[in-house]
Amino acid sequence: MQTWSPRQNVSCILCQDPLETRDHLFFSCRYSAEIWSALSKGLLGLRYTTIWADLVTIISDKSQDRIRLFLARYVFQATLHSIWRERNARRHGEQPTPPNQLINTIDKTVRNRIQTIRNTRDHKYEEALQTWFGTRC
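Here the sequence shown is numbered in the UniProt record's numbering, starting from 1 and rising by one per residue.
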């Protein structure tokens, strides 16, 4: 962003770190790390990390349990999308959303997605909701 617009503020609007990068925003930033931790720690267990490259490796590993892999990918996608929207909203002057509120919104998004899959009678992910609830503390 700095190369396109040298006068642009490049600090993280979520935590005021002096330099916002992809790796910082997802998930070194205190705000995004709190959200990611709440949603993924129980799901990823010992593989839990906030390091971008490691997360990409985890969600690319097809040797994992199919349901847990689906959930990890979906939570990753939903969290990135929500944090990016929050970042942009703040950049455009909107009021900050507390982490707990964003966590609840993403959790509801995941549950709704699982429910829509269950409604299609696709039995492949029948236990996804039970697995998701089991990972939420």
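The C-beta atom is built at its ideal place from N, Cα and C for all residues, glycine as well.
The structure displayed is predicted, hence computed values, not measured ones.
The region 85 to 100 and the region 44 to 54 do not touch, with fewer than three beta-carbon pairs separated by less than 8 Å. Listed in chain order, the non-local C-beta contacts of Q115 below 8 Å within the same chain comprise L129, local neighbours out to five positions each way being set aside. In the structure shown, the three-state DSSP call for K62 is coil.
Here I51 carries a coil assignment [DSSP, helix/strand/coil].
Excluding its 5 nearest sequence neighbours in each direction, A78 has C-beta neighbours in its own chain below 7 Å: I106, T109 and V110, listed in chain order.
For Q130, the enclosing alpha helix (DSSP H) starts and ends at A128 to T135. Closest in alpha carbon position to N104, among R136, T131 and A89, is R136. The alpha-carbon of Y125 is positioned some 13 Å away from that of Y74. In this structure, L19 and I83 do not form a Cβ contact; the two beta carbons are roughly 17 Å apart against a cut-off of 8 Å. Y31: member of the alpha helix (DSSP H) spanning R30 to L44, first to last residue. For I58 against A38, the beta-carbon gap comes to about 17 Å, at or over 8 Å, which does not count as contact. The beta carbons of R87 and L14 sit closer together than 8 Å. Cβ contact annotation for K62 (same chain, cutoff 8 Å, sequence separation greater than five): L69, in chain order.
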